[in-house]
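Taking it in order: structure first as structure tokens, then the write-up.
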Amino acid sequence: MPENVAGVIALCLSCNQQMLTKSDRLLCSVWKNVGIEFMLQLSFGHKGWETAILDVFRDAFTASEGADEGLVIRALVKDLMATTPEDDLFAYVAFESDTVQGCIFFSRLNYDEDPRRVFLLSPVAVRSDRQKAGIGQKLITFGLKDLRQRRIDFAVTYGDPAYYCKVGFQPISEEIAQPPLPLSQPHGWLGQSLSGSEVTPIAGPSRCVSAFNRPELW
Ligand SMILES: CC(C)(COP(=O)(O)OP(=O)(O)OC[C@H]1O[C@@H](n2cnc3c(N)ncnc32)[C@H](O)[C@@H]1OP(=O)(O)O)[C@@H](O)C(=O)NCCC(=O)NCCS
């Protein structure tokens, strides 16, 4: 595990309970004394794990959309990690046995005419041989909880509603939150309030971080 991360929690993959430390052993409420192989660790921050993260994104998107898309998303993530100011990028990483299994990024979406703080969830990837085990949803739920603690007001994403509605996103119109660039698939524009307030339109146009400022990504 990286040493410079904050907010690490460990979940039992079998029962989804948070692991408890007793002496030097990890316990969960269902699988007593489970070994490290059952443990999923969720952490904040990508520093020191860039290469493994790039491999996960390339692998996941190659498996789902082909080798070209795998390389496109790898390049996007490399750019995102290299060029985004620290305060504008939050990464959450899932580890099992010190191996990166999945990763998600939230980057700042600036609405200069509105005081609310908005972050974009994208991209999201789980290693192709570890998908459908709940890792993606656990990572997103963990990230959204951390964003709430950081007083971020609103999260948006751009993807398949069938998946992202599982973690609280709902379709939103461009009147609620203007995307930074024209959307080719407006039905994939999704959002959720993190502040507990009702969703009201966010004023003005938005600006994404530079890695996302490319029309072909939207
Ligand atoms: C999408 C992705 C992150 C999901 O991660 P995961 O850990 O496999 O997902 P979870 O185990 O948390 O959730 C599985 C559920 O989501 C559904 N699901 C997974 N991928 C989906 C997708 N692309 N669209 C719709 N539903 C999807 C599964 O069918 C399953 O549904 P069920 O619980 O009703 O059976 C992963 O499949 C992935 O990395 N895919 C390739 C990259 C990608 O498409 N990323 C998203 C766009 S940025």
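Under the numbering used here, the residues of the sequence shown are numbered 1332 to 1549, in order.
Just so it is clear, CB atoms sit at the ideal spot from N, CA and C, and this is done for glycine as well.
Residue from F1500, S1374, H1377, A1456 with nearest C-alpha to E1400: Residue A1456 is the option with its Cα nearest to E1400.
Contact test: A1383 Cβ vs ligand 3 heavy atom, cutoff 6 Å: This structure lacks ligand 3; its bound ligands are ligand 1.
Any non-hydrogen atom of ligand 1 within 6 Å of P1492 CB: Flag unset: Cβ of P1492 not near ligand 1.
Buried versus exposed call for H1518 [16 or more other C-beta atoms within 10 Å across all chains shown]: Counting Cβ neighbours within 10 Å, H1518 comes out exposed, since fewer than 16 surround it.
Counted within 10 angstroms of its Cβ, other Cβ atoms place G1379 as buried (16 or more) or exposed: Looking at its Cβ environment, which holds fewer than 16 other Cβ atoms inside 10 Å, G1379 is exposed.
Three-state secondary structure (DSSP) of G1433: Of the three classes helix, strand and coil, the one that applies to G1433 here is strand, per DSSP.
Rounded straight-line distance, which links the Cα of Y1494 to that of P1546: Pairing P1546 with Y1494, the inter-Cα distance amounts to about 23 Å.
Cβ neighbour criterion (16 or more within 10 Å) applied to R1458: With 16 or more other CB atoms across the displayed protein chains lying within 10 angstroms of its CB, R1458 is buried.
Terminal residues of the alpha helix (DSSP H) in which G1467 lies: For G1467, the uninterrupted alpha helix (DSSP H) run begins and ends at 1466–1480, by DSSP.
Coil, strand or helix - L1451 by DSSP: L1451: strand per DSSP, three-state reduction.
Near ligand 1: A1456 beta-carbon under 6 Å from a heavy atom: Yes, since a heavy atom of ligand 1 falls inside the 6 Å radius drawn around the Cβ of A1456.
Sub-7 Å separation of R1447 and D1419 beta-carbons: The Cβ atoms of R1447 and D1419 do not sit closer than 7 Å to each other.
A1508 vs L1452 beta-carbon contact at 7 Å: No; because the gap between Cβ atoms is not below 7 Å, this pair is not in contact.
CB contact flag (D1410, A1542, <7 Å): Contact: yes.
Spatial distance of P1510 from F1375 (CA atoms): Going from the Cα of P1510 to the Cα of F1375 covers about 26 Å.
CB of G1433 within 7 Å of CB of A1425, strictly: Against a cut-off of 7 Å, the Cβ pair of A1425 and G1433 comes out as a contact.
Close beta carbons around P1536, own chain, < 6 Å, minus the five adjacent residues each side: Contacts found: Q1509.
DSSP state of G1401 mapped onto helix, strand, coil: If DSSP states are grouped into helix, strand and coil, G1401 belongs with the helices.
I1471 vs V1498 beta-carbon contact at 7 Å: Yes, these two residues count as a Cβ contact at 7 Å.
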